[in-house]
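Peer 1: FYI, UniProt numbering numbers position 163 of the sequence shown as 163, with every residue one higher than the one before it. Structure below; questions to follow.
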Amino acid sequence: MMNLKEKRCVVVGAGGVATRKVKSLLECEAQVAVVSKRACSDIVRLAQEGKIKLIEKSFSPEDLDGAFLVFVASDDPITNRLAAMEAVKRGIPVNVADSPELSTFLVPSYFRKGHLTISVSTGGKSPRLARRLKEWIKSNIPSGVEELLSKLEKERTFVKKSGLSMEEKVNFYDEIIDKSGILKKKGDIEN
């Protein structure tokens, strides 16, 4: 996971796929600029609320000036290729929706539950399968995970200062996790 807080991220395109990318970037507190001649209502609303910058025009190379990351999700394959090639030329990581061959990084399907983040990737082979697996995992996460995570976080401070060996640390954490019974609540999740 990458820290995108206050980093300029450019999204080329403003349809449904681009909207999902924009919302994920906003969750990461990125500074988001969207470049597209036309924008869906969600993108327009986010721009009106001051959450993103909407640049209503065709893509041009200078749109990537100062970009930390680029996401390309337009409905025009030529624009997608142009934007990807420009990002690569500038050394900016780029992800092109539905074109892993043009991408320098892939985005896994993920979800968050409190401080727990779980991601699934198929290496771009089948985003649909990744999404379905993510949903299956999400529906099988036992209740109480957030409380257990909070407890483990508190214990971590002690463990760091304890002088325990790595094996003792692992055993200590495993004992807390096992005593919680959390991994035994769903029959098809084994530890």
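Every residue gets a Cβ at the ideal spot worked out from N, C-alpha and C, and that includes glycine.
Just list the alpha helix (DSSP H) runs in the stretch 77-110, keeping only unbroken ones of 4 residues or longer that don't cross its boundaries, in chain order.
Peer 2: Runs of the alpha helix (DSSP H) inside the stretch 77-110: 77-90.
Peer 1: Indicate the three-state DSSP secondary structure (helix, strand or coil) for Arg-8 in the structure shown.
Peer 2: Against the sequence shown, residue 8 aligns to sequence position 8. Strand at Arg-8.
Peer 1: Provide the residue(s) that pair with Thr-117 in DSSP beta bridges, ordered along the chain.
Peer 2: In the sequence shown, residue 117 corresponds to position 117, counting from 1. According to DSSP, Thr-117 bridges with Arg-112.
Peer 1: Can you tell me where the alpha helix (DSSP H) holding Leu-54 begins and where it ends?
Peer 2: Here the question's residue 54 lines up with position 54 in the sequence shown. No alpha helix (DSSP H) holds Leu-54; the beta strand (DSSP E) holding it covers 52-55.
Peer 1: Report the three-state DSSP secondary structure of Leu-69 (helix, strand or coil).
Peer 2: Position 69 of the sequence shown, counted from the start, is the residue given in the question as residue 69. Strand, per DSSP.
Peer 1: Return the CA-CA distance between Pro-93 and Ile-141, expressed in angstroms with no decimal places.
Peer 2: Numbered from its first residue, the sequence shown carries residue 93 at position 93. Numbered from its first residue, the sequence shown carries residue 141 at position 141. In a straight line, the C-alpha of Pro-93 is about 32 Å away from that of Ile-141.
Peer 1: Could you pull out every residue in the same chain whose Cβ sits closer than 6 Å to the Cβ of Asn-80, ignoring the five residues on either side in sequence?
Peer 2: Here residue 80 refers to the residue found at position 80 of the sequence shown. Counting only Cβ-Cβ distances below 6 Å, and skipping sequence neighbours, we find Val-72, Ser-74 and Val-96.
Peer 1: Where does Ala-33 fall in DSSP's three states?
Peer 2: Translated into the one-based positions of the sequence shown, residue 33 becomes position 33. Strand at Ala-33.
Peer 1: Taking only the alpha-carbon atoms, compute the straight-line gap between Val-35 and Glu-49 and give it to the nearest angstrom.
Peer 2: The count along the sequence shown starts at 1 and reaches residue 35 at position 35. The count along the sequence shown starts at 1 and reaches residue 49 at position 49. C-alpha separation (whole angstroms): 17 Å.
Peer 1: Using a threshold of 9 Å, state whether the C-beta atoms of Leu-69 and Ala-30 are closer than that.
Peer 2: Numbered from 1 along the sequence shown, position 69 holds the residue referred to as residue 69. Numbered from 1 along the sequence shown, position 30 holds the residue referred to as residue 30. Contact: yes.
Peer 1: Once DSSP output is grouped into helix, strand and coil, what is the label at Thr-122?
Peer 2: Here residue 122 refers to the residue found at position 122 when the sequence shown is read from its first residue. Reduced to three states, the DSSP call for Thr-122 is coil.
Peer 1: If Glu-146 sits next to Ile-176, beta carbons under 8 Å apart, how far is it from one beta carbon to the other, in whole angstroms?
Peer 2: As a position in the sequence shown, residue 146 is number 146, starting the count at 1. As a position in the sequence shown, residue 176 is number 176, starting the count at 1. Not quite, the Cβ-Cβ distance comes to about 15 Å (not below 8 Å), so this is no contact.
Peer 1: Alpha carbons only, please: which of Ala-18, Asp-65 and Asp-63 is nearest the one belonging to Leu-46?
Peer 2: On the sequence shown, position 46 is the one that residue 46 refers to. Closest option to Leu-46, Cα to Cα, is Ala-18.
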